[in-house]
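Number of protein chains: 2
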Amino acid sequence: MLARVSTNPAFKRLPRAVREQQMLDAAVKVFSRRGYHAASMDEIAEDAGISKPMVYAYLGPKEDLFVACLHRECTRMIEAIAGAAAPDLPPDERLWRGLRAFFGFVGAHRDGWSVLYRQTRGEPPFAGQLATMRARMVEVIAGMLDDALRAQGREVRETDLEVIAYALVGASESLADWLADNPTADPEKTATRMMNVAWLGAGQLIEGAVWRPADG
Amino acid sequence: MLARVSTNPAFKRLPRAVREQQMLDAAVKVFSRRGYHAASMDEIAEDAGISKPMVYAYLGPKEDLFVACLHRECTRMIEAIAGAAAPDLPPDERLWRGLRAFFGFVGAHRDGWSVLYRQTRGEPPFAGQLATMRARMVEVIAGMLDDALRAQGREVRETDLEVIAYALVGASESLADWLADNPTADPEKTATRMMNVAWLGAGQLIEGAVWRPADG
């Protein structure tokens, strides 16, 4: 009797975690499509196939739901970047793969980027959340730079690494905005451009230097 | 009779342009101190020494006043950068002086940076204004890069220049946020760090290369 499972879909019970992911999937979709202010909890509930009170019960009011979306999407993005930039690769390949993963993510979620990361940058309840995720991203990049330096027996003050990482994150965000605004722009090409600026710098670019991936 | 000027200060008439600048000075000060939402038109009028109806008459409601502040401060900043980066200098000196002017400006107006440029990045009526000013800044940088390339008899597609410029602007904004958050950080040192990332790139930085200004 313990293993008895109802075959009536109305009675199908999903684990809480699965339900939550369904709601977040629907919420990310609706927020991306409508923007934060115009998105309605009704549409999110309908898209998730779950009653509205249930959405509130699981994830709270719209503001909390949005923060949960922001948190999940940022985490996914950082995981995609960190996963692509495997530590056994040379530093330029790590940076390149990280950038390719980042712009690939943004390119695949242009609307989501605009709503989740861009429009909320200045809005008080969300800006703080975004700043926290940004600080995590800065740590990931600073850690990659630190690895590269240590491999050469060199060390740089933590503040300097942090500052370089902030510059790289800011440059990438700015190009991500550009990518989101240019629907025909190619994410991989954008990543290549960013890689050239980030790795070679303006000095070498003006001289005509070009960075190319080992497999390209 | 035509040259008769009242000596009673209550009757002193200032040209409209001067009055407007006084109001904008007061508004920038109050917005920077209180933030957009908490700033009151009463305090702005009092600080400017002008009646509140007069402030409304000249510059409109708070939202319009804020846009006028944003516009004036951005214009001042872009002028400071473009003025510092004189066209007869070598490209690295131009970039360096432009960056020094930028971080000098931000360092001298940390509160203003936070309120005017940062907190409004996502807020609909202001975000558009900011995006316009940002596009002007991108044009300035892209123009500088174009000059440097032409001086070498080289040419690069406009999109590529634009993308590099967006990356540089994004990196600088990100470090400006960092500078605004770190009241003890030195603007000139921040400019030097940004210059090293922007000019040399991560590749040369990891190798231990350092860029130094000709006069330092």
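Residue numbers (my numbering), protein chains in the order written: chain A, 1 to 216; chain B, 1 to 216. Backbone N, C-alpha and C fix where the C-beta goes; we use that ideal spot for every residue, glycine too.
{"query": "B:Asn182 in three-state terms, based on DSSP", "result": "coil"}
{"query": "Terminal residues of the alpha helix (DSSP H) in which A:Leu130 lies", "result": "Pro124 to Ala151"}
{"query": "Member of B:Gly128, B:Leu89 and B:Arg76 whose CA lies at the smallest distance from the CA of B:Gly104", "result": "B:Arg76"}
{"query": "Distance CB(A:Ala180)-CB(A:Met194) smaller than 8 Å", "result": "no"}
{"query": "Contacts around A:Gln22, its chain only, beta-carbon distance under 6 Å, and the 5 residues preceding and following it disregarded", "result": "Ala48"}
{"query": "Assigned exposure category for B:Pro187 - 16 Cβ within 10 Å defines buried", "result": "buried"}
{"query": "Chain A contact for B:Ala3 (CB, 8 Å cutoff)", "result": "Unreliable positioning characterises B:Ala3 in this predicted model, as indicated by a pLDDT of 49, which lies under 50. The coordinate reading is nonetheless provided below. No, no contact with chain A."}
{"query": "Option nearest A:Cys69 by Cα separation, candidates A:Glu43, A:Val140, A:Val115 and A:Ile50", "result": "A:Val115"}
{"query": "C-beta atoms of B:Gly122 and A:Thr120 nearer than 8 Å", "result": "yes"}
{"query": "Straight-line gap, B:His71 to A:Trp178 (C-alpha atoms, nearest Å)", "result": "22 Å"}
{"query": "Residue ranges of each alpha helix (DSSP H) within the region 83-125 of chain B, 4 or longer", "result": "91-108"}
{"query": "Rounded separation between B:Val5 and B:Glu20 - CA only", "result": "In this predicted model, B:Val5 has a pLDDT of only 47, less than 50, meaning its place in the structure is not dependable; the value taken from the coordinates is given anyway. Answer to the nearest angstrom: the Cα atoms are 21 Å apart."}
{"query": "Under the three-state DSSP convention, the category B:Trp211 falls into", "result": "coil"}
{"query": "Exposed unless 16 or more other CB atoms sit within 10 angstroms - verdict on A:Ala38", "result": "exposed"}
{"query": "Interface positions of the region 40-68 of chain A facing chain B (Cβ-Cβ less than 9 Å), listed along the chain", "result": "none"}
{"query": "Contact under 8 Å by Cβ, A:Ala80 with A:Ala108", "result": "no"}
{"query": "At least 3 beta-carbon pairs within less than 8 Å: the region 156-176 of chain B vs the region 160-176 of chain A", "result": "yes"}
{"query": "Own chain partners of B:Val67 with C-beta closer than 8 Å, once the 5 adjacent residues on each side are dropped", "result": "Pro125, Phe126 and Gln129"}
{"query": "A:Tyr56 - DSSP class collapsed to helix/strand/coil", "result": "helix"}
{"query": "Spatial distance of A:Met137 from A:Arg97 (CA atoms)", "result": "15 Å"}
{"query": "A:Glu43 versus A:Ala17: straight-line alpha-carbon distance, rounded", "result": "21 Å"}
{"query": "Residues of its chain near B:Tyr58, where Cβ-Cβ distance is below 7 Å and the 5 sequence neighbours each way are ignored", "result": "Arg19, Glu20 and Met23"}
{"query": "Candidates A:Ala191, A:Ala209, A:Ser32 and A:Met41, of which the one nearest A:Glu73 by Cα", "result": "A:Ser32"}
{"query": "Interface residues of the region 112-124 of chain B facing chain A [CB-CB below 7 Å]", "result": "Arg118, Gln119, Thr120, Arg121, Gly122 and Glu123"}
{"query": "Distance between beta carbons of B:Trp199 and A:Gly201, contact taken as under 8 Å", "result": "5 Å"}
{"query": "Contacting residues, own chain, Cβ-Cβ under 6 Å from B:Pro213 (five flanking each side not counted)", "result": "Trp96"}
{"query": "N-terminal and C-terminal residue of the alpha helix (DSSP H) that A:Leu24 is part of", "result": "Arg16 to Arg34"}
{"query": "Cross-chain neighbours of A:Gln21 in chain B, by beta carbon under 9 Å", "result": "In chain order: nothing, as chain B lies at least about 26 Å away."}
{"query": "Residue environment, A:Asp92, which counts as buried when at least 16 other CB atoms sit within 10 Å", "result": "buried"}
{"query": "Cβ distance (whole Å) where B:Leu99 is taken to contact B:Ala191 below 8 Å", "result": "4 Å"}
{"query": "A:Asn196 versus A:Pro53: straight-line alpha-carbon distance, rounded", "result": "50 Å"}
{"query": "Whole-Å CB distance - A:Leu161 paired with A:Asp147, under 8 Å assumed", "result": "Not a contact, Cβ separation roughly 11 Å."}
{"query": "Spatial distance of B:Arg118 from B:Arg110 (CA atoms)", "result": "11 Å"}
{"query": "DSSP three-state assignment for A:Ile78, whether helix, strand or coil", "result": "helix"}
{"query": "Chain B contact residues for A:Ser32, given Cβ-Cβ distances below 9 Å", "result": "Simply none; closest approach about 15 Å."}
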